[in-house]
Amino acid sequence: MARKSLGNIRRSFAPWADPAAIPQVRFESVTKRFDDIAAVSDLTLSLYPGEFHALLGPSGCGKTTLMRMLAGFETPDSGRILLDGQDLAGIPPHLRPTNMMFQSYALFPHMSVFDNIAFGLRQGNLKREAIAARVAEMLALVKLEGFAGRRPDQLSGGQKQRVALARALARQPKVLLLDEPLGALDKKLREETQYELMDLQAELGLTFLMVTHDQDEAMAMADRISVMERGRIAQVGAPEEIYEMPANRYVAEFVGDINVFEGVVDEVKGEIISLDGRHGPIILDDPDPSLAIGQTVSVAIRPEKISITLEEPAQPTNKMTGEIWDIGYLGDFTMVQVKLDGEAGQLVRVALPNRSRRAERPIAWEDRVWLSWDVEAGILLRG
Amino acid sequence: MNRLRAPHLLALVFGIAFLYLPILVLVLYSFNASRLVTVWGGFSTRWYAALLQNQALLDAAWLSLKVALVSASLATILGLLSALALARFGRFAGRTLFAGMIAAPLVMPEVITGLALLLLFVGLDAERGFWTVTIAHVTLTACFATIVIQARLVMLDRSLEEAAQDLGATPLRVFLAITLPMIAPAILAGWLLAFTLSLDDLVLASFTSGPGSTTLPMRIYSSVRLGVTPEINAASTLIIALVATVVVLASLLIKRDALSRT
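In order, the protein sequence lines correspond to chains A and B.
Our numbering puts the first residue of the first sequence at 1, with every later residue one more than the last.
Our numbering puts the first residue of the second sequence at 1001, with every later residue one more than the last.
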């Protein structure tokens, strides 16, 4: 696909862009059915050493099944899963070099924090002293020194999450699997823990595979995100790519908010496409060689990329008139809904950042306004 | 909490009286100094002392206790195995039939079970005595143990077992280190239930016991036919005390277990 790359984003860590890089985990055409319903179908994905990868999707998209197949709790119906080049088929969960942090944390309620963390270590041939030293090291890592004697029911949600993390890391897995790691925490704690997990991942240099339905979580933490849709990967990429250059309508709608405009292609000049939209001409900078003149296409514009003005903007295209329909003050920004002029009266969502504290709102309900956006803001929706 | 209002209180008193007044009378008259069952002759514990002299009754009590201990243990082991099969093995051929067959003794008339077992033992030419009664009691009580243990297994968070496995524990280690301790209260409750059921069974024991193996309920029943003596009241009072203790213990175990999971 001839897509423009994002020029302004530089990543120091991008082994997936290097054809010589060897993946640590490889799902090869993996399919898994439950009662004739394909939870995962013909899915291929590579994870690279040290990568923080997020599987993002709504419930039932197969993300958890995919992770559970890597852990060994589910067996693929077809396809292979390789870890460091070794086919994992037939290897039971207790012999796999992966460890998982469960969504419910799954702390053993009849054991102390110490025994929970030591549980995995005791399955090997480690000496008592070595186990105690490793548990102490893990407790220090998750900042829970002094909690070794507590029972899980004497811990707060955040502390339980840390114990679960320490327990999963104690055996030094090659890949750490995180099933909705922050799902059970409240918002404030979630943000804190998010950054701690990222720091930890960078410090340990481990490969993390996370399952989440929360796009903010995935965007903030992951090096790359796989957006999943009904057992398949809709798009794999860095958070910026997923958000700014969604591969299709599903990804654009699932990650972030979009406004969709329809239009008929009337000119393709180099990388610039001109559309005859219902509310006026639209120009976008998103080439697709398969486009034909006269074809009806959809264009998505993110709410924060649209400006609202009372005067008519100077630009000749990408502008529409409407009436302020609704203003939702959300603290950090205000979500404004504008009802476009015309018969259809489409509602457009515009996000306005609240930069100054006491600025008077320039707009009010029922104001007549102009909406406009840059040529590069439009995303051509495929699929 | 709702205050008890007069009609509710009345209903409660009548209900409890209906259920427990006969038992209360029995307990009271076990402390009766008079030999006449219906005439109160003052407080005495002489019938409890007499009980200790009644060798036939003591033998019967000892046999009942042995049968209850052994049959409850066997029933609990079988119950654990069938509960694991029902709760853990997913769908297997004949699962519905198996589940139905396990629950059948709950509704099967005991007389029929007793007769069937008697015919079986006669057909096998088995000597009737301790073991035949014990086996008969296992057939009755294993279903109760199964139901209690299965209910706990179904409630048990599967991710606990998966986490243990994920941390390198073999399936056997997972069972011993995680599953068993987590369902231990239910296993004990199932055992206690099986124990009390065996202890007070009359019907199955009557069918399957032989000469010289008379259980306590059988002994009491045959004594009563010759006339109620305060001695029997005393023996019954002791059984009630034992069964009540065990049942309260079992329900406390189940309740505490349920609380610890919330």
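The beta carbon of each residue, even a glycine, is placed where N, CA and C say it ideally should be.
Min CB distance residue i to chain B below 8 Å
i: R167/A; result: yes
i: S104/A; result: yes
i: M210/A; result: no
i: R3/A; result: Confidence at R3/A is low in this model, with a pLDDT of 44, below 50, so the placement of that residue should be treated as unreliable; the coordinate-derived value is given next. Not closer than 8 Å to any Cβ of chain B, the Cβ of R3/A fails to qualify, so no.
i: M67/A; result: no
i: R355/A; result: no
i: F108/A; result: yes
i: M228/A; result: no
i: N8/A; result: With a pLDDT of 44 at N8/A, under the threshold of 50, the modelled position of this residue cannot be trusted; read the value that follows with caution. By this cut-off, N8/A is not an interface position.
i: G231/A; result: no
i: P34/A; result: Strictly speaking, residue 34/A in this sequence is Phe, with Pro absent from that position. By this cut-off, F34/A is not an interface position.
i: P93/A; result: yes
i: M335/A; result: no
i: A132/A; result: no
i: F114/A; result: no
Alpha-carbon spacing of residue i relative to residue j, whole angstroms
i: T1214/B; j: I1187/B; result: 29 Å
i: L1009/B; j: S1206/B; result: 41 Å
i: T212/A; j: D186/A; result: 15 Å
i: A39/A; j: P239/A; result: 24 Å
i: L380/A; j: D266/A; result: 14 Å
i: E203/A; j: E196/A; result: 10 Å
i: A1093/B; j: V1027/B; result: 52 Å
i: T1134/B; j: S1030/B; result: 30 Å
i: S307/A; j: Y250/A; result: 25 Å
i: V1154/B; j: I233/A; result: 34 Å
i: I273/A; j: S12/A; result: 33 Å
i: D36/A; j: D77/A; result: 11 Å
i: D288/A; j: G263/A; result: 15 Å
i: A1126/B; j: M1108/B; result: 24 Å
i: D42/A; j: K32/A; result: 8 Å
i: G1227/B; j: L1080/B; result: 43 Å
i: I223/A; j: E145/A; result: The residue you asked about is not Ile; residue 223/A is Asp in the sequence shown. Roughly 30 Å between the two C-alpha positions.
i: L1266/B; j: L1118/B; result: The first residue shown for chain B is 1001 and the last is 1262, placing residue 1266/B beyond what the model contains.
Bounding residues of the alpha helix (DSSP H) (the contiguous stretch that carries residue i)
i: M1155/B; result: F1130 to M1155
i: S307/A; result: Segment S307 to T309 is the beta strand (DSSP E) holding S307/A; no alpha helix (DSSP H) there.
i: G331/A; result: It is not in any alpha helix (DSSP H) - G331/A carries neither H nor E in the DSSP assignment.
i: Q159/A; result: G157 to A170
i: M219/A; result: Q215 to M221
Environment of residue i [buried if 16+ CB atoms lie within 10 Å]
i: L1249/B; result: exposed
i: S59/A; result: exposed
i: Y1020/B; result: exposed
i: P1217/B; result: buried
i: Q1150/B; result: buried
i: W16/A; result: buried
i: Q172/A; result: exposed
i: Q201/A; result: buried
Residue range of the beta strand (DSSP E) that includes residue i
i: I81/A; result: S78 to L83
i: M101/A; result: T98 to M101
i: W370/A; result: R368 to S372
i: G237/A; result: R232 to G237
i: K29/A; result: The sequence shown places Ser at residue 29/A, not Lys. Residues V25 to F34.
i: P1109/B; result: No beta strand (DSSP E) contains P1109/B, which DSSP labels as neither H nor E.
Residue-chain proximity (residue i, chain A), Cβ-Cβ < 8 Å
i: Q1150/B; result: no
i: I1178/B; result: yes
i: T1096/B; result: no
i: L1167/B; result: yes
i: A1189/B; result: no
Check whether the stretch 22-31 of chain A touches the stretch 81-93 of chain A, counting contact only when three or more Cβ pairs, one atom from each stretch, lie closer than 8 Å. yes
Is the stretch 308-326 of chain A in contact with the stretch 362-380 of chain A, if contact means three or more CB pairs nearer than 8 Å? With the rule of 3 Cβ pairs closer than 8 Å, the stretch 308-326 of chain A counts as touching the stretch 362-380 of chain A.
Do three or more CB pairs link the stretch 1155-1168 of chain B to the stretch 112-128 of chain A at distances below 8 Å? yes
Would you call the stretch 90-109 of chain A and the stretch 157-170 of chain A touching, i.e. three or more CB-CB distances under 8 Å? yes
Counting pairs of beta carbons, one from the stretch 1072-1081 of chain B and one from the stretch 1137-1146 of chain B, are three or more of them closer than 8 Å? yes
The stretch 1194-1212 of chain B contacting the stretch 1064-1072 of chain B, beta-carbon criterion three pairs below 8 Å: yes
Determine, using beta-carbon pairs with one atom in the stretch 141-150 of chain A and one in the stretch 1191-1201 of chain B, whether at least three such pairs fall under 8 Å. Result no; under three Cβ-Cβ pairs closer than 8 Å.
I want to know whether the stretch 1230-1238 of chain B touches the stretch 1044-1051 of chain B - three or more CB-CB distances under 8 Å. Touching, yes.
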